[in-house]
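The opening residue of the sequence shown carries number 943 in our numbering; numbering runs sequentially from there.
Where a beta carbon is used, it is the ideal one built from N, C-alpha and C, also for glycine.
Remember, it's a predicted structure, so these values are computed and weren't measured experimentally.
Note sheet for the following structure.
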Amino acid sequence: MATKLEEITATFRHERIRWDTTAILDCEGKVNGSGLIDDITVKVVDSEPDELTPYLTYRFYGRWTKHPRHGRQFVAKTFIKMQPHGPAGTMRYLGQAPGVGQRTAKALWDAFGGEAVRILREHPDVAAAKADVQGFTTSKAKAAAAYLENERALEGCTIDMIDLLGGRGFRKTTAKRAIALFGNRAAELIRRNPYLLQKFPGSGFMRPDKMFLEFGGDPTRLKRQAYCMAYAVQSNTDGHTWHGMRDVEGGLRKFVGGSKVLPVKAAKLAIRGKLLAVRRDAQNRPWLADATKAENEQYIADAVASMRQDAPHWPSVASLDVSDHQREELFNALTGTLSIFGGGPGTGKTYSLARVIGKVIDRHGDGAVTIAAPTGKAAVRITEVMQGYGVNQRAMTIHGLLGVEQQSEGGVWSFRHDEANPLDQSYLFIDESSMIDTDLMASLLRACAPGTHLLLVGDTNQLPPVGHGAPLRDLIKAGVPYGELTEIRRNSGSIVTACHKIRANQKFQADATLDLKAGQNLANRRATSPQKAVASVLDLLQRIKSNGSDTDPVWDCQILCAVNRNAELSRGKLNEVLQGELNPAGKRAPGNPFRVGDKVVNTKNGFFPIDDDAPQDANKDALDGKVFVANGELGRVVGVQEKLTTVSLDSPKRLIKIPRGKGGDDGEEGEDKKAPATGCSWDLGYALSVHKSQGSEWSVIIVMLDESPGARMVCSREWIYTAISRAKKVCFLVGKMTTAHDMLGRVALGRRKTFLVEQLQQQTKG
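Given below as structure tokens:
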């Protein structure tokens, strides 16, 4: 059963302290049923500055707690305004209605006393006549009356919503959001259909489904089966856009057992309700997808078909200072306004790109060009490399380029630039494009104005995107102009040689000894057990720390692993060990898992409040005092409190506050199994998954060759290729080489089910 919230009634006097959306309030009210008015300290969360009006009375819903500094206080999860009865409160309450100023409010109090609100609400003509204030006409009084009537209705609705959602694990803003969307019928509509709550961030599927069952809903009801089926598709993390009927039915049976499962009818209802979409393959077999994901895939197909109609105006590559092979592949790529340029490490891909960008700038100027990448690290790296080649363009993240604004009710990110507000730049160069999933690719194409030239640069041998689909793979397969470099142009040693052997599905070898000058930079530290592997890593980091070089074992080295949990070499267990080894003396706070000096990683796109001491340029892209931090960004902990962690980030420089709760990232068991158990979306970053490392490089990479069952399911040819290619100077493979060679037989990218190629081919035929 849901836990009921406590309720107090208190009059707000003033704010004592405020940080972001949390404030400590000085109030007065009746305490402990004594009937005596006393001072009350109330802590409110999810409130905006000036949302509460001094001397108005509010109902606060929450819990009594004892704070070590503030003493006994009431922590309010939400609050609603009550109609006041004293002169000061009544006049302030009236003053919030449109057309009622301070003078009119006083005149209404003088005329009607404690009945002023009721008279204005029920008899606006009488109120206007009796107040006799110049400008306060009958029409203005009627507008004020409508406002007060709505306030009364919403007050009752808010109470109902608090009773309905209290103690059920929903975010504190859900009641307000529901009322804003559904009005005073919010509680009624949600009681009838709790699944409407899925519209709001943090609600997920499990909580509304639990409510439906608690309210006596039939577990086998067809409508529930449709929602369960949609959730089974939406929560699948295998990277597919489309799912076979058998797999979807299996997901449905996890929620609805017995003979009353009706997958075909449930699918039809989910499709009719626009929760799911359906397509059929060449054999007429049905495939299901989340409706939004299917829509984004279709948008890519439509946008690409449109771009194919535009005549390209790329500069000629004939005079570029590149090799004959590079020139030929650039020519192959730059035959459409949408083009793709690929190649593995050491082939001169970035050098060739720099020559093209330089030629575009010479012809059209700096303002016509933008370089972007999926991650901040990748943007910094491409910026530094470009500057080394004489191209002084600062790359940005794709999210920064598009202007991320907010997460919508459905959990989808919205951007400032789209079809209605396209980007100004005529030439877009996107590095590390293999990381771009279907949703982000659709957003990128939505922001391209007609005639925009877009060059996607990437390596299709890397891991597929974290999100669904494989758009770069599909665009190449569908015949989008593509050039690929295969000749090794620089001697980067054994790392580059190994990567090219992996691309060719050939076994690669580690060097017997390390000799960086001779190009021997890929070593195997053999370990026959997880315990020996961890000991080997610690020994290696200690050697790096004590050898007197400029290599920092924390920031210049990165440990990469296969799984997040449930293995001896998982990211979680490795980070615990590495925190103790690399940051043993970092300042701590009770209950906070982080220490000052820790290397931490964000695990989910989101907005975070700027710290008061943030540098001035951190406010440039802020929205309501918050800045966007992408999934995978690394930061350094600079401050810790029990419920708050302060983190410094680069690219661009930001100083942010990370509030902590009880659980990880607002997830619940069964809803977000990947959420860290740190009370927020951040986790230790000494060890990362290979997916999180994409787009970045470090001087030293240490790859854990994990033989656990979970690792064997994750690791593939793309996994080992991506891991090794993150190393700038040297790579250590810790474990058995046979484990690495076994990965070559498993291919991850080809397994992703999409219909993008088929849609593009159909449009070409049409």
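field: Top-ranked residue by Cα proximity to H1267, from E1064, T1277, I1430 and V1422
entry: By one-based count along the sequence shown, residue 1267 stands at place 325. The shortest CA-to-CA distance from H1267 to any of E1064, T1277, I1430 and V1422 is the one to I1430.
query: Helix, strand or coil: which one does DSSP assign to G1548?
result: In the sequence shown, the residue the question calls residue 1548 occupies position 606. In the three-state reduction of the DSSP assignment, G1548 falls in the strand class, which pools E and B.
query: Hey, is the segment 1059 to 1068 in contact with the segment 1085 to 1102, meaning 3+ C-beta pairs nearer than 8 Å?
result: These segments touch.
message: Let me make sure I understand the geometry here. Which of P996, N1573, R1537 and V1571 has the alpha-carbon closest to that of K1585?
response: By one-based count along the sequence shown, residue 1585 stands at place 643. Among P996, N1573, R1537 and V1571, the Cα nearest to that of K1585 belongs to R1537.
- prompt: Is the CB-CB distance between G893 and A1469 below 8 Å?
  reply: This structure does not reach residue 893, given that the chain is present from 943 up to 1708, and the question cannot be answered.
- prompt: Start and end of the beta strand (DSSP E) containing R1596?
  reply: In the sequence shown, residue 1596 corresponds to position 654, counting from 1. Start and end: R1596 to P1601.
- request: Could you pull out every unbroken alpha helix (DSSP H) segment of at least 4 residues lying fully inside the segment 1115 to 1199, listed in chain order?
  value: Runs of the alpha helix (DSSP H) inside the segment 1115 to 1199: 1116 to 1124, 1128 to 1134, 1148 to 1156, 1164 to 1176 and 1187 to 1195.
message: I want to know whether the segment 1323 to 1333 touches the segment 1506 to 1526 - three or more CB-CB distances under 8 Å.
response: The segment 1323 to 1333, when compared against the segment 1506 to 1526, does not touch it at the 8 Å Cβ threshold.
- prompt: Taking all protein chains shown into account, do 16 or more other C-beta atoms lie within 10 angstroms of the C-beta of E1361, making it buried, or fewer, making it exposed?
  reply: On the sequence shown, position 419 is the one that residue 1361 refers to. Label assigned to E1361: exposed.
- prompt: Ordered along the chain, which non-local residues of its own chain (more than five positions away) have a Cβ less than 7 Å from that of V1582?
  reply: Translated into positions along the sequence shown, residue 1582 becomes position 640. Hits under 7 Å: K1529, R1530, A1531, N1534, F1536, R1537 and V1538.
message: Measuring alpha carbon to alpha carbon, tell me which residue in F1570, L1096 and A1053 is nearest T1339.
response: Here residue 1339 refers to the residue found at position 397 when the sequence shown is read from its first residue. Per the Cα distances, F1570.
message: For L1217 and A1231, which I take to be in contact (beta-carbon distance under 8 Å), what is that distance rounded to the nearest angstrom?
response: Locating residue 1217 in the sequence shown gives position 275, where the first residue counts as 1. Locating residue 1231 in the sequence shown gives position 289, where the first residue counts as 1. Actually they do not touch by this definition, with Cβ atoms about 10 Å apart.
Close Cβ partners of E1239 (< 6 Å) along its chain, the five nearest in sequence each way excluded: Within the sequence shown, numbered from 1, the residue matching residue 1239 stands at position 297. Excluding sequence neighbours, E1239 sits near T1183, T1380 and L1698.
field: Start-to-end residues for the alpha helix (DSSP H) that takes in A1243
entry: Position 301 of the sequence shown, counted from the first residue, corresponds to residue 1243. A1233 to M1249 is the span of the alpha helix (DSSP H), which, as asked, contains A1243.
- prompt: Can you list, in chain order, the residues of its chain whose CB lies under 8 Å from that of T1402, leaving out five sequence neighbours each side?
  reply: The residue labelled residue 1402 in the question sits at position 460 within the sequence shown. In chain order, G1284, S1376, L1414, R1415, I1418 and L1691 place their CB closer than 8 Å to the CB of T1402, counting only its own chain and leaving out the 5 sequence neighbours on each side.
- prompt: Less than 8 Å separating the beta-carbons of Q1015 and V984?
  reply: As a first step, residue 1015 must be located in the sequence shown, where it is residue number 73. As a first step, residue 984 must be located in the sequence shown, where it is residue number 42. The answer is yes: Cβ separation under 8 Å.
message: Spatial neighbours of T1680 within its chain, please: C-beta separation below 6 Å, excluding the five flanking residues on both sides.
response: Along the sequence shown, read from residue 1 onward, the residue named residue 1680 stands at position 738. For T1680, same chain residues with a beta-carbon under 6 Å away, outside a window of 5 residues either side, do not exist.
- prompt: Hey, quick one: how far does the alpha helix (DSSP H) through K1210 stretch, first residue to last?
  reply: On the sequence shown, position 268 is the one that residue 1210 refers to. P1205 to R1214 is the span of the alpha helix (DSSP H), which, as asked, contains K1210.
query: A1224: buried (16+ other C-beta within 10 angstroms of its C-beta) or exposed?
result: Mapped onto the sequence shown, residue 1224 falls at position 282. Per the 10 Å Cβ criterion, exposed.
field: N-terminal and C-terminal residue of the beta strand (DSSP E) that E1426 is part of
entry: Taking the first residue of the sequence shown as 1, we reach residue 1426 at position 484. Residues Y1424 to L1427.
message: Alpha carbons only, please: which of L1204, A1122 and L1482 is nearest the one belonging to P1161?
response: As a working mapping, residue 1161 is identified with position 219 in the sequence shown. The shortest Cα separation from P1161 among L1204, A1122 and L1482 belongs to L1204.
message: For a minimum of 3 consecutive residues, which ranges assigned as the beta strand (DSSP E) are wholly contained in the segment 1315 to 1391?
response: Listed in chain order, they are 1346 to 1349, 1355 to 1357 and 1369 to 1372.
message: Rounded to the nearest angstrom, what separates T1292 and L1396 at their Cα positions?
response: Translated into positions along the sequence shown, residue 1292 becomes position 350. Translated into positions along the sequence shown, residue 1396 becomes position 454. The C-alpha of L1396 is placed about 16 Å away from the C-alpha of T1292.
- request: Report all residues from its chain with a CB closer than 6 Å to the CB of G1193; omit the five preceding and five following residues, and keep chain order.
  value: The count along the sequence shown starts at 1 and reaches residue 1193 at position 251. Residues of the same chain with a CB within less than 6 Å of the CB of G1193, apart from the 5 flanking positions on each side, are A1174 in chain order.
Cβ shell of S1491 (< 6 Å), same chain only, five flanking positions each side left out: Here residue 1491 refers to the residue found at position 549 when the sequence shown is read from its first residue. Once the five neighbours on either side are set aside, S1491 has no close Cβ partner at all.
field: Distance between C1622 and E1575 (C-alpha atoms, nearest Å)
entry: Counting from one through the sequence shown, the residue named residue 1575 turns up at place 633. Counting from one through the sequence shown, the residue named residue 1622 turns up at place 680. Their Cα atoms are separated by approximately 14 Å.
- prompt: Roughly how many angstroms separate the alpha carbons of F1154 and T964, rounded to a whole number?
  reply: Along the sequence shown, read from residue 1 onward, the residue named residue 1154 stands at position 212. Along the sequence shown, read from residue 1 onward, the residue named residue 964 stands at position 22. Roughly 32 Å between the two C-alpha positions.
field: DSSP state of R1110 mapped onto helix, strand, coil
entry: The residue given as residue 1110 occupies position 168 in the sequence shown. Three-state DSSP puts R1110 in coil, outside helix and strand.
field: Local conformation of F1273 per DSSP, three classes
entry: Position 331 of the sequence shown holds residue 1273. Helix at F1273.
- request: Would you mind reading off the limits of the alpha helix (DSSP H) that contains G1514?
  value: Walking along the sequence shown from the start, residue 1514 turns up at place 572. That run of the alpha helix (DSSP H) goes R1513 to L1524.
task: In the DSSP assignment, find the unbroken alpha helix (DSSP H) run with H956 in it and report its ends.
output: Sequence index remark: in the sequence shown, residue 956 carries index 14 (1-based). For H956, there is no enclosing alpha helix (DSSP H); the enclosing beta strand (DSSP E) has its first and last residue at E948 to W961.
message: For I1600, count the other beta carbons within 10 Å of its own beta carbon; 16 or more makes it buried, fewer makes it exposed. Which is it?
response: Taking the first residue of the sequence shown as position 1, residue 1600 is located at position 658. Buried, because 16 or more other Cβ atoms sit within 10 Å of the Cβ of I1600.
message: Distance check for A1018 and E1613, CA to CA, integer angstroms please.
response: Here residue 1613 is taken as the residue at index 671 of the sequence shown, counted from 1. Here residue 1018 is taken as the residue at index 76 of the sequence shown, counted from 1. With a pLDDT of 39 at E1613, under the threshold of 50, the modelled position of that residue is not reliable, and the figure given next carries that caveat. When rounded, the separation of the alpha-carbon atoms in E1613 and A1018 is 26 Å.
query: Between T1455, S1593, E990 and F1450, which lies nearest to Y1663 when the distance is taken from Cα to Cα?
result: Taking the sequence shown and counting its residues from 1, one reaches residue 1663 at position 721. The residue with the shortest Cα to Cα distance from Y1663 is F1450.
- request: Return the residue from the list T1394, G1421 and M1383 that minimises the CA-CA distance to A902.
  value: This structure cannot settle anything about residue 902, because the visible part of the chain is limited to 943 through 1708.
- prompt: Since T1020 sits in a beta bridge, which residues does DSSP pair it with?
  reply: As a first step, residue 1020 must be located in the sequence shown, where it is residue number 78. Answer is Y1003, bridged to T1020.
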